[in-house]
Amino acid sequence: MGEGTDAAPGPVAAPPPPPSPQVDLPEGQLAGTLAAPGYAIGTARWLRVAEIAVPVDGQGPVVEGARLDRALSAVRDRLAARDGTEAGAGAAIRAAHIAFLDDPDLRDAADRDVAAGRDAGHAWRNATRAQAATLRRLGDARLAERADDLLDLERQVLGELTGIVEEETAFAPGTILIADDLLPSQVMALDPACVVGLVVERGGPTSHVAILAATMGLPALVAIGAPIGGIADGATLILDADGGIVHVAPDDAMLTAAHGQAHARAAARAAALEQAEQTCITADGVRIEAFANLGSAEDAVVAMANGAEGSGLLRTEFLFLERDHAPDADEQAALYGTIAATLQGRPLIVRLLDVGGDKPASYLPIAAEENPALGLRGIRVALAMPDILETQLRAILSVRPAGQCRIMIPMVASVGEITAVRQVVDRLRAELGIGERVEVGIMVETPAAAVTSATLAAHADFLSIGTNDLTQYALAMDRGNPAVAGGIDGLHPAVLQLIAHTTDGARRRGRWVGVCGGLASDRLAVPLLIGLGVTELSASPRFVPELKALVRRLDSRACHGLAIRALAAASPREVRAMVREFLLEVAA
Ligand code: PEP
Ligand code: MG
Numbered sequence: 048m049g050e051g052t053d054a055a056p057g058p059v060a061a062p063p064p065p066p067s068p069q070v071d072l073p074e075g076q077l078a079g080t081l082a083a084p085g086y087a088i089g090t091a092r093w094l095r096v097a098e099i100a101v102p103v104d105g106q107g108p109v110v111e112g113a114r115l116d117r118a119l120s121a122v123r124d125r126l127a128a129r130d131g132t133e134a135g136a137g138a139a140i141r142a143a144h145i146a147f148l149d150d151p152d153l154r155d156a157a158d159r160d161v162a163a164g165r166d167a168g169h170a171w172r173n174a175t176r177a178q179a180a181t182l183r184r185l186g187d188a189r190l191a192e193r194a195d196d197l198l199d200l201e202r203q204v205l206g207e208l209t210g211i212v213e214e215e216t217a218f219a220p221g222t223i224l225i226a227d228d229l230l231p232s233q234v235m236a237l238d239p240a241c242v243v244g245l246v247v248e249r250g251g252p253t254s255h256v257a258i259l260a261a262t263m264g265l266p267a268l269v270a271i272g273a274p275i276g277g278i279a280d281g282a283t284l285i286l287d288a289d290g291g292i293v294h295v296a297p298d299d300a301m302l303t304a305a306h307g308q309a310h311a312r313a314a315a316r317a318a319a320l321e322q323a324e325q326t327c328i329t330a331d332g333v334r335i336e337a338f339a340n341l342g343s344a345e346d347a348v349v350a351m352a353n354g355a356e357g358s359g360l361l362r363t364e365f366l367f368l369e370r371d372h373a374p375d376a377d378e379q380a381a382l383y384g385t386i387a388a389t390l391q392g393r394p395l396i397v398r399l400l401d402v403g404g405d406k407p408a409s410y411l412p413i414a415a416e417e418n419p420a421l422g423l424r425g426i427r428v429a430l431a432m433p434d435i436l437e438t439q440l441r442a443i444l445s446v447r448p449a450g451q452c453r454i455m456i457p458m459v460a461s462v463g464e465i466t467a468v469r470q471v472v473d474r475l476r477a478e479l480g481i482g483e484r485v486e487v488g489i490m491v492e493t494p495a496a497a498v499t500s501a502t503l504a505a506h507a508d509f510l511s512i513g514t515n516d517l518t519q520y521a522l523a524m525d526r527g528n529p530a531v532a533g534g535i536d537g538l539h540p541a542v543l544q545l546i547a548h549t550t551d552g553a554r555r556r557g558r559w560v561g562v563c564g565g566l567a568s569d570r571l572a573v574p575l576l577i578g579l580g581v582t583e584l585s586a587s588p589r590f591v592p593e594l595k596a597l598v599r600r601l602d603s604r605a606c607h608g609l610a611i612r613a614l615a616a617a618s619p620r621e622v623r624a625m626v627r628e629f630l631l632e633v634a635a
C-alpha cells in the first residue's frame, strides 16, 4: 500500500436522514422531534466536524503499537479524571467509552492492522468503523447509538495520535448549535452558560445526546431532516422544543413576543421552585404524588432539590450496562441503600432489571434477535435467568427501613409473570426474616397489560404506566427510529384509550395507577392523565417543581371532562390543541 492519508469517511453507512416532518408550516418555521424540553432564543451556529486525516502506512509495528498504547491510555486517563464530576447520564456515557477502550476485540482488530504495517490511527479507525458498521447493520436504533459512541471514541483517539485539538467548543453566549448529527462527547463539552439549545438534522428522541441535553437543561430538537440546511450561520432563532418548532429569522414582533414568553417561563420556573416543597394537591383537593425518575445516585440528589416526594422509577439497568459481569448483591444493595437514604424515607420504586433486546448486556447469554423490541427483554430476561432475579431481589430486600423500597416488574404481559416474581419475593422475605409487607407492582407497557389491567391488578399492589413503550407498541412505531420519530406521540387517542382501560381496571380492584413514562414530564399530558384517574406522576427530576405548580392549578373534574373529549379526538395534534386551550382557561 502506498503513501497517503486516510481521510475518507470510511465504511460506516450513516442512516439516511429522516423524512422531513415539515407539514403545512408557515415560512421560516421548521418542525422537529422533541429530544429535551425548553424554550430558547439565540443565534444559530453550525458545528461542522472535519475528518481527522491520518497516514495509511506507519513506522513499523513496534513504533505504531506503542503510539496506540499511549493514545489509548491518554484518552482513558482523561475520561477517568472526569469521574465524579458529572451526573447520571454523563457518567454512564463515559463508562460506555471506557468499556470500548478496554474491548479486547477492538484492540485485536487494530493490532492486526498495526502488525501489517499500518499507522496506529489508520488501524484504530478501521477497527472502530468495522465494529460500528456491524452495530448499525443489526438495524436496532439503540445499538446504532452505540455506533455513535464508537465514532466519538475514534475521534478522541485520533485527536490524541495526531495532536489535532477537537473543534472549538467555546461558543458565544446565546448560541443555538446546529448540526447534522452530534456525538455525546461534543454535547458533554458544551458550556450551558453559552450554548442555549440544540437543533439536529438526524438523531433520535431517546439517544444519548437527547438524555444528555435534558440532564444539562438544554432544549433540543432532533430529526429535523434536510430543511435544516436553510438555517444560516448567524441567523436569529426561536427554539420552542416543547412545541417541536424552530422559528428562523423571526420578525421584530415575533421576537418581542418570544422574549416575553422566555421571561414568563423563567419566572414561572423560579416561582415553582420556591414552592417545590409543598404537597401536591389539585385545586379541588385530589392528592397527586409528584415523584421523580432516577437513573443514578446523583439523580436522587437533584430530585430532592426539586421537591420530589419519592421516586416512581429507579432504572436499575444503569448499574448493569457497559460492564462485563453483573453487579453482585452487595454492590446493588449499596447503590439502592444510598438512593433510599438520599430520599430520606420517601418511597423508592425499584424497577427490576429491564435489559435485553434494545439494552444489551454483553455478559447475558441472549441470542441476537430479529425483532429485539418484541424479544427477550424486561421481566422475560429475569425469569429466564433466575440467578439475576434472585440477586437483585436480595439486594432490594436488604435496604432498611424495610418497605421503603417497592418492587416494580417491567414489560409485564400476563399474570404468571407477577406470581412468579412474588413467589421469589415471599421465599426471600421468609429466609431473611422480613415481617414487613413489601409491595410488588407492575409496569403497564404492553397493550396486553393495559387491556387486562383488572386481571393483573388482582395480583399487583400498584400499576405504573410506561408510556414510552406503551406508545411504541400501540402505534407499532419503534421509539428509537428517527424515520418514524415524528409520529410517536403518547397523546395519540389510541394510547389515551389504553391508559383509560388501565385506570378503569385498576380502580375496580382498588389499586392506584401512576405514570413513569415520558408523558409524566409533558405539561400537556398532565391534565389528561389526572382526568383519566392517574394519581402518581413520576417525571424527570428537573420537571418536578413545574409539575407540582401545574397540578395545584387543575380541577380534577374539569380534567376528567377534557380527557373524555380527548379520547374521541381524531389525532394527537387535535388532543394537544384541546389541552392548550384548556390550560389557557385554567390560567385565566
Ligand atoms: C417506559 O417505557 O415508559 C419506561 C418508563 O421505561 P423505559 O423508558 O426505561 O423503557
Ligand atoms: Mg419501558
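Each residue of the sequence shown is one higher than the one before, counting from 48 in our numbering. Virtual Cβ for every residue (Gly too), placed ideally from N, Cα, C.
**Study point:** Alpha-carbon to alpha-carbon, L119 and A60
**Key:** Summary for A60: the model assigns pLDDT 44, below 50, so the residue's position carries little reliability; its value from the coordinates is reported in the next sentence. So the alpha carbons of these two residues sit roughly 25 Å apart.
Practice item. On the DSSP bridge assignment, give the partners of A80 in chain order. Key: A quick correction: the sequence has Thr, not Ala, at residue 80. DSSP, once it has assigned bridges, lists V269 as partnering T80.
Exercise for review: Count the CB pairs spanning the region 555-575 and the region 505-513 that are closer than 8 Å, and state whether there are at least three.
Suggested key: yes
Check your understanding: Under the three-state reduction of DSSP, which class applies to I278: helix, strand or coil?
Key -> coil
Practice item. Classify V662 as buried or exposed, calling it buried when 16 or more other Cβ atoms lie within 10 Å of its own Cβ. Key: A query on residue 662 cannot be resolved here, the shown segment of the chain reaching from 48 to 635 and no further.
**Study point:** Beta-carbon proximity list for L361, same chain, < 7 Å, skipping 5 on both sides
**Key:** L341, I386, L395, I396, V397 and R398
**Study point:** Through-space distance from E356 to D401, alpha-carbon basis
**Key:** 24 Å
Review point. So, helix, strand or coil for T52, using DSSP?
Key: Because the pLDDT of T52 is 45, which lies under 50, any placement of that residue in the model is unreliable, and the number read from its coordinates should be weighed accordingly. Strand, per DSSP.
Check your understanding: Do the CB positions of V242 and H169 come within less than 8 Å of each other?
Key -> no
Check your understanding: In terms of alpha-carbon separation, which member of G281, V591, L436 and L259 lies closest to D375?
Key -> L436
Practice item. Within its chain, find whatever has a CB closer than 8 Å to the CB of E309; leave out the 5 residues flanking it on each side and keep chain order. Key: Per the sequence presented here, residue 309 reads as Ala, with Glu not at that position. Here the set comprises Y86, A87 and I88.
Point to revise | Cutoff 8 Å; reference T502; Cβ partners in own chain excluding five residues on either side | key: V462 and G552
Check your understanding: Does DSSP classify V491 as helix, strand or coil?
Key -> strand
Check your understanding: Who are the near neighbours of A442 in its chain, counting only those whose CB is closer than 7 Å to its CB and skipping five residues on each side?
Key -> A376, Q379, A380 and Y383
Review point. Looking at N19 and the ligand PEP, is the gap between the Cβ and the nearest heavy atom below 7 Å?
Key: No information on residue 19 is available, as it lies outside the stretch 48 to 635 that the chain covers here.
**Study point:** Cβ-Cβ separation, I140 to I211 (assumed contact under 8 Å), whole Å
**Key:** Not a contact, Cβ separation roughly 22 Å.
**Study point:** Contact set for E486: own chain, Cβ-Cβ below 8 Å, skip 5 residues either direction
**Key:** G450, R453, I454, D508 and F509
Check your understanding: What is the DSSP secondary structure of V562, counted as helix, strand or coil?
Key -> strand
Review point. Smallest Cα separation from A541: which of R570, A567 and V498?
Key: V498
Check your understanding: For the ligand PEP, any of its heavy atoms closer than 7 Å to the Cβ of I360?
Key -> Just to set this straight, residue 360 is Leu in the shown sequence, not Ile. Answer for L360: yes, Cβ within range of the ligand PEP.
Review point. Cβ-heavy atom distance between G357 and the ligand PEP below 7 Å?
Key: no
Exercise for review: Kindly confirm or deny that the region 518-528 and the region 319-328 touch, where touching means at least three C-beta pairs closer than 8 Å.
Suggested key: no
**Study point:** Where the beta strand (DSSP E) containing S585 begins and where it ends
**Key:** E583 to A586
Check your understanding: Sorry if obvious, but does the Cβ on E324 come closer than 7 Å to a heavy atom of the ligand GTP?
Key -> Looking at this structure, you won't find the ligand GTP anywhere; what it does contain is the ligand PEP and the ligand MG.
**Study point:** Exposure of A572, with buried meaning 16 or more beta-carbon neighbours within 10 Å
**Key:** buried
**Study point:** Inter-residue spacing [alpha-carbon to alpha-carbon] between T389 and R117
**Key:** 40 Å
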